[in-house]
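In the working numbering, each number is its position in the sequence shown, counted from 1, plus 1. Think of the CB as a built atom: it goes at the ideal place given N, C-alpha and C, for glycine as much as any other residue. Quick caveat: nothing in here was measured; it's all calculated off a predicted structure. Below: one structure, written as structure tokens.
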Amino acid sequence: MSAHGDPIPMTARGGHALTGTADVPGDKSISHRSLILGAMAVGETRVSGLLEGQDVLDTGRAMAALGAEVIRHGPGDWSVHGVGVGGFAEPEQVIDCGNSGTGVRLIMGAVATHDMAVTFTGDASLNGRPMGRVTDPLSLFGARAVGRAGGRLPLTLVGAAEPVPVRYATPVASAQVKSAVLLAGLNAPGRTVVVEREATRDHSERMLAGFGAEIETTRTDEGFEITLTGRPELRPQTIAVPRDPSSAAFPVCAALITEGSDVLVPNIGLNPTRAGLFDTLVEMGADLAFENRREEGGEPVADLRARFSPDMKGIRVPPERAASMIDEYPVLSVVAANATGVTEMPGVAELRVKESDRIDAMAQGLRANGVEVEDGPDWWQVTGRGPGGVPGGATVAARLDHRIAMSFLCLGMAAKAPVTVDDAQPIATSFPIFEDLMKALGAEIVRGNG
């Protein structure tokens, strides 16, 4: 059931080639960070191409509640008048982050070194997700979390009155945890250091440097060491948000498995800490072309063309690649179901604590649609049925998870029988134009049980 209204079942049917240009929304990770760092700068930051999904809109409302002026001028065109590092005001109301794990964890980091109390909540999915992975390192600065057992929302974060800088080695690869610690370090004196064994997406580091923070990443025997000098005066920026590779994954993967398809997705961000899915697809034998490679706003981008690829083979995805494609494993499993052979996906325990247990959600749904799946605590594997070989015909539970819903709709576009998701409403949190965009490419998607 949806957290924000009655469920919206949605069904996808196969037999329709996907062709044309897919203008996907702006990158969600960069959109969140643009609003947060804009609110922590002094002066006006202008943002174009902002993703206007519910997750990002919730972050914008949170920044306004903390004292920044956040203004929408037109589609994707926003400005943020910041209050400076250390300038947040205690909000009068609870901060509701909806479905966004990224939003709540980054905002917790940003407020943790302010002498005030902020209460956070979210929808049913977010309130069931663990926050200890962020509140534990934030406690090292002097912050204190008070809330439900297991560190779950709703909870109140009491910020540090006299924050101290920290050195923190992340126990798991997580850009959210790293970014939360760095944002907390902005308002702590001295140098805050984050050490991660495996590199995770580095949008925070790139954007912090662009706003004028003193930040450096070095490789050491421990892994990657990111050092941030606290209490800078951040300079406002003009930010053009690249298109979201995680959103691009859906039209790209649907085109690869749907006969006769040829889809162009322009201006896709190809940050190497985010491009693991595309590397994996190429290794599987996908017909992908990266056209017009260039750099925009410090981020590498290209126009990505995807064509139907009937000769894809299952592979073993290197576990060290997981951090660069963690959100894309659900739709990768859909591609794997249409490839030949077994696709192994080890080192993905993080998927168990996303908006849903994504391994279980995809495994159950794929099995219901006639695909063989095996899984363990931190791994899973899909035995492909070859191009067009997925029986389909099932209704699957989206579990309030936008990526689960979109992945199974993509499966339905190539399956022998229609595939239905019980509630497609969560798609609006990250990809509000998904339905219209896929229909424009030729997909048959209908509301209801088909």
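May I ask which residues mark the beginning and end of the beta strand (DSSP E) holding residue i?
i, result
"T136", "Note, T136: premise wrong, no beta strand (DSSP E); alpha helix (DSSP H) at G133 to L141."
"P252", "First-last for P252: P246 to I258, but that is the alpha helix (DSSP H), not the beta strand (DSSP E)."
"H204", "Per DSSP, H204 belongs to no beta strand (DSSP E); it is in the alpha helix (DSSP H), H204 to G211."
"M363", "M363 -> not in any beta strand (DSSP E); alpha helix (DSSP H) instead, spanning R359 to A369."
"S80", "D78 to V84"
"H74", "E70 to G75"
"V25", "V25 -> no beta strand (DSSP E), and no H or E assigned at all."
"L305", "E300 to R308"
"E356", "E356 -> no beta strand (DSSP E), and no H or E assigned at all."
What's the C-alpha gap between residue i and residue j?
i, j, result
"D424", "M132", "26 Å"
"I9", "A170", "42 Å"
"M2", "P26", "Confidence at M2 is low in this model, with a pLDDT of 34, below 50, so its placement is unreliable and no value can be given for it."
"L183", "A176", "10 Å"
"F251", "S408", "7 Å"
"A441", "G449", "19 Å"
"V165", "G85", "19 Å"
"D358", "S247", "18 Å"
"T157", "G50", "32 Å"
"A4", "T421", "Note on A4: pLDDT 44, under 50, position unreliable in the model; the coordinate value appears next. Cα to Cα, the separation comes out at about 19 Å."
"M64", "S80", "12 Å"
"R232", "T274", "27 Å"
Return yes when the Cβ of residue j is within less than 9 Å of the Cβ of residue i, no when it is not.
i, j, result
"A415", "P388", "yes"
"T228", "I216", "yes"
"G191", "T230", "yes"
"I323", "G377", "Before going further, note that residue 323 is Ala rather than Ile in the sequence given. The answer is no: Cβ separation not under 9 Å."
"A111", "G83", "no"
"P139", "M109", "In the sequence on display, residue 139 carries Leu and not Pro. Cβ distance < 9 Å, so L139 and M109 count as in contact."
"E300", "R207", "yes"
"G88", "E445", "no"
"R385", "A13", "A small correction: the amino acid at residue 385 is Gly; Arg does not occupy that position in the sequence shown. The answer is no: Cβ separation not under 9 Å."
"I240", "I31", "yes"
"T46", "S35", "yes"
"E373", "H403", "no"
"A18", "G261", "yes"
"L352", "I327", "yes"
"H33", "D56", "yes"
Return the bridge partner residues of residue i from the DSSP annotation.
i, result
"G342", "G385"
"P172", "According to DSSP, P172 bridges with nothing at all."
"V454", "Residue coverage of the chain in this structure runs from 2 to 451, which leaves residue 454 outside it and unanswerable."
"M11", "V422 and R448"
"R47", "S80 and T239"
"V147", "T157"
Output the boundary residues of the alpha helix (DSSP H) element that contains residue i.
i, result
"S30", "K29 to M41"
"R62", "Q55 to A66"
What is the C-beta distance between residue i and residue j, in whole angstroms, given that I count them as a contact (C-beta under 8 Å)?
i, j, result
"T114", "G160", "6 Å"
"G68", "A42", "Contact doesn't hold; Cβ gap of about 13 Å is too wide."
"R153", "R130", "7 Å"
"F212", "L38", "5 Å"
"N339", "V302", "Rounded, the Cβ-Cβ distance is 28 Å, inconsistent with contact."
"A307", "L271", "Rounded, the Cβ-Cβ distance is 14 Å, inconsistent with contact."
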